Structure formats: C-alpha cells, structure tokens
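This note's numbering numbers the first residue of the sequence shown as 49 and each following residue consecutively. Beta carbons: idealized from backbone N, C-alpha and C, even for Gly. Note that the structure is predicted; figures quoted are calculated from it, not measured.
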Amino acid sequence: MHSLAQEIKSFSKTNLRKQCTRVTTLSGRRIIETWKGSTVHVVEDAVTPGTACGYVQDNSWDLQVGVIKPYLLLASQDAAQDFGTLRKFKVSHILNVAYGVENAFTDLFIYKTLSILDLPDTVITSYFDECFQFINQAESEVKCAFVTQHFCIVPQAGTEVPIQFDLMERYLR
Numbered sequence: 049m050h051s052l053a054q055e056i057k058s059f060s061k062t063n064l065r066k067q068c069t070r071v072t073t074l075s076g077r078r079i080i081e082t083w084k085g086s087t088v089h090v091v092e093d094a095v096t097p098g099t100a101c102g103y104v105q106d107n108s109w110d111l112q113v114g115v116i117k118p119y120l121l122l123a124s125q126d127a128a129q130d131f132g133t134l135r136k137f138k139v140s141h142i143l144n145v146a147y148g149v150e151n152a153f154t155d156l157f158i159y160k161t162l163s164i165l166d167l168p169d170t171v172i173t174s175y176f177d178e179c180f181q182f183i184n185q186a187e188s189e190v191k192c193a194f195v196t197q198h199f200c201i202v203p204q205a206g207t208e209v210p211i212q213f214d215l216m217e218r219y220l221r
C-alpha cells in the first residue's frame, strides 16, 4: 500500500489528462481554452456565426420551489408552468414578475402579472406596492402566493427583490 507521502513524491504533471474548456462570451463567441505548461492557449471554436447564444443553454426543467413563508413561495418560470408543482404546494395566487412569460393556467389560479425587466436601470421600487398588495391578499385569504422569476443572461437579482422588501417591511419594523 502506498502512503500519501509516496504518492506526493511520485506526482508528475505529465500524468494528468489534458483538459479543454469551452467558453461562450456574452456576444455568443465561442472559444476553447487549453492549459499547456503554465500558459493558457485560446483557440476560436469552429461554430457557424450567429448560431451560438450569449449564454449557456439549459433546456432542463427547474422545478425547485423555495418556501419563504407558509403563504409565500419563490420559484422559476418553469415551476410556474408545471401544474403538478403548483398543486403540490397548494398555490392559489401567482405573482408573475418574469418578462415575456405567459400565465399558463388562468382559469385555475389568481394571477398578477408585472413584466419587470431584469436590467440595472429598471426602477424596481415602482412595482413594490402592487407586489405587496397581491402577496397580502393571498396571506389574508389564508392562501399561498407563488412568485415566479425569470433568469436572464446576467441576473441583477431583480425579481426576488419584491419578496425581500415585503419581508423587511413586515418583520424589521
């Protein structure tokens, strides 16, 4: 049996597998980075221009739900489009603050839609009163408000801010 000290002494970088990392820039340009010795070699990836997104595409469903309070949930737009998830958490109200995301079950849930762009120049505080009223309505009816958010290329954490301010308004006075 080899000891750890023996393994460390016999270690050689030449025994390591060569690794390449594909990087997609915000503009959609793809490059491949490879370590050779102590330097990084960068090579343009052979992709047809215009076919790459400026982000890594993830087509898998994100059905995770964060329980903030018994009456308040936070999840992605995927969970808001999945009837089983909504029923599992006994959702009655859906606050949709995701830009460009349609309400899927308008005949089964009470919706409030505010298309909040996740950009640095968006004045998110201008939406707070409407968000708070809707969340308060669900809580006062002993129901469950579900806030759906949209993740963009570089999230500014904008869509969960109404929840944070609602909780601060209620509990930090």
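Backbone secondary structure at residue i - three-state DSSP
| i | result |
| --- | --- |
| C192 | coil |
| Y159 | strand |
| S124 | strand |
| A152 | coil |
| K136 | helix |
| K66 | coil |
| T173 | helix |
| L111 | coil |
| L52 | helix |
| A94 | coil |
Nearest-angstrom Cα separation, counted from residue j out to residue i
| i | j | result |
| --- | --- | --- |
| C68 | G132 | 40 Å |
| Y175 | L162 | 8 Å |
| L64 | V90 | 20 Å |
| K136 | I142 | 14 Å |
| T154 | N107 | 24 Å |
| I80 | E92 | 6 Å |
| N184 | E217 | 12 Å |
| W109 | A127 | 8 Å |
| T72 | F180 | 38 Å |
| K244 | A53 | Residue 244 lies beyond the range of the chain shown here (49 to 221); nothing can be said about it. |
| D177 | G76 | 38 Å |
| L167 | V145 | 13 Å |
Contact check, residue i vs residue j, beta carbons under 7 Å
| i | j | result |
| --- | --- | --- |
| A152 | Q125 | no |
| Y147 | L121 | no |
| Y46 | E55 | Since the first residue of the chain shown is 49 and the last is 221, residue 46 is not available in this structure. |
At least 3 beta-carbon pairs within less than 8 Å: the segment 103-119 vs the segment 180-196: The segment 103-119, when compared against the segment 180-196, does touch it at the 8 Å Cβ threshold.
With three or more C-beta pairs closer than 8 Å as the rule, is the segment 82-89 touching the segment 145-161? No contact exists between the segment 145-161 and the segment 82-89.
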